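Numbering of the sequence shown is given in my numbering, commencing with residue 10 and proceeding in unit increments. No residue lacks a Cβ here, since even glycine has one placed at the ideal position from N, Cα and C. Everything numeric in this text was worked out from a predicted model, so none of it was measured. Accompanying notes for the structure given below.
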Amino acid sequence: MEQQSERPKHNSPLRFFLFIIHVSHNGECHHHNKPHQLIKPVRQRREAIKGILTNMQTALMQAKDVQKQDILKLGKALYNKAMQNVRAIIEQNKQLQKENGRLTEENDILRKRIASMDENAITRLRDKKDAEIKELQGRIGKAESEAVRSGNKAYREHQRAESAENQVREMLGIREIKEIWESVQQNKEAFKKQIDKWIKDGVAAIRDYADGKDNDFQPKQGNAVAWGIIAEAFRYGLDPTDGKQRRMAAAYLLENMSWTGITDSKANLTALRTRQLCDAMTVSKDLMANLLLAAGGRGGISTGGGGSNGELTNWDGTKKKTGWRI
């Protein structure tokens, strides 16, 4: 009975089994010492061992069932998790396939649009180049026509020049005409030299004024400057009877000046007096007509005393007082 009272202290089946074996061993020792107590304790021990083994078997089966249920639960949880991942992957794959289909469709539309744009651009470029080529061909055709007309005109002018040259040769064969021709050429050359001299004298007069202390041009200086302005007008094809063109001629005359050694204030005053003289001049149409005749070699012109007394020689040989009023 004392042995049965100690059994509940062993909660673990394995430890309880070891305890029963120990009790059985002690019982056998008591059996040798006490033969009169053998029958009852042996039966009790067997029943106790049987009960213990039964309890152990039950505990082991329960432990096995619990372990099996835990394994099943774990396996089921892993399976459910795996299936969830599989379903998520399948759904993601469906979305990716759907997105890929949409992108493929957009790509096809874009490719067709680009192809259409390229074709339209090529068509426009071709049309533009065709128009340019057509315009160029038209211009070339027009240029060729103009070249043909120009060539024909040049040929006719050449023929006329040859005819005129032959006529001149025939005319120059006459002594009187040859003398007139030579006189005209001499007069033209003389007029060119006179133009150069008037310009040179005008520049020298401006320089004399710049070097001097006078407040204004002296009559001789002013007359030379006036003729220099007229000469510059002839050189550049200007009309000295027009005030604006005459001022341009005066500016050309001043450009021939060398201002070396002249102070800035005196140079500015000299240029001012030259422009003032230019504005005060009055060049008549008759004088211009005579000068044009002289330029063409059909007359002669000279200044009385080289222009020093402010008089011009008229075409009939008389003198005309001019001063600045040419």
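Assign residue i to one of three DSSP states: helix, strand, or coil.
i, result
"P228", "helix"
"W268", "coil"
"T291", "coil"
"I204", "helix"
"D74", "helix"
"I239", "helix"
"I183", "coil"
"Y245", "coil"
"G84", "helix"
"T283", "helix"
"D220", "helix"
Indicate whether residue i and residue j have their beta-carbon atoms separated by less than 8 Å.
i, j, result
"P249", "R256", "no"
"A240", "I208", "yes"
"I271", "R244", "no"
"V212", "M266", "yes"
"G237", "L262", "yes"
"K275", "A219", "yes"
"G305", "K197", "yes"
"F226", "L300", "no"
"D217", "G252", "no"
Report the CB separation of residue i from residue j in whole angstroms; it is logged as a contact under 8 Å.
i, j, result
"T283", "A259", "6 Å"
Note down, in chain order, each residue of its chain lying with its Cβ closer than 6 Å to the Cβ of residue i, except the 5 sequence neighbours on either side.
i, result
"A214", "Q230, A233 and V234"
"N129", "none"
Leaving out five residues before and five after residue i in sequence, what residues of the same chain have Cβ atoms less than 8 Å from its Cβ?
i, result
"Q3", "Given that the chain is displayed from residue 10 to residue 335, the structure contains no residue 3 and the question cannot be resolved."
Indicate whether at least one CB of chain D lies closer than 8 Å to the CB of residue i.
i, result
"R216", "Of the protein chains in this structure there is only one, and it is not chain D."
Unbroken stretches of the alpha helix (DSSP H), 4 residues or longer, contained in the region 112 to 143: Within the region 112 to 143, no complete alpha helix (DSSP H) run reaches 4 residues.
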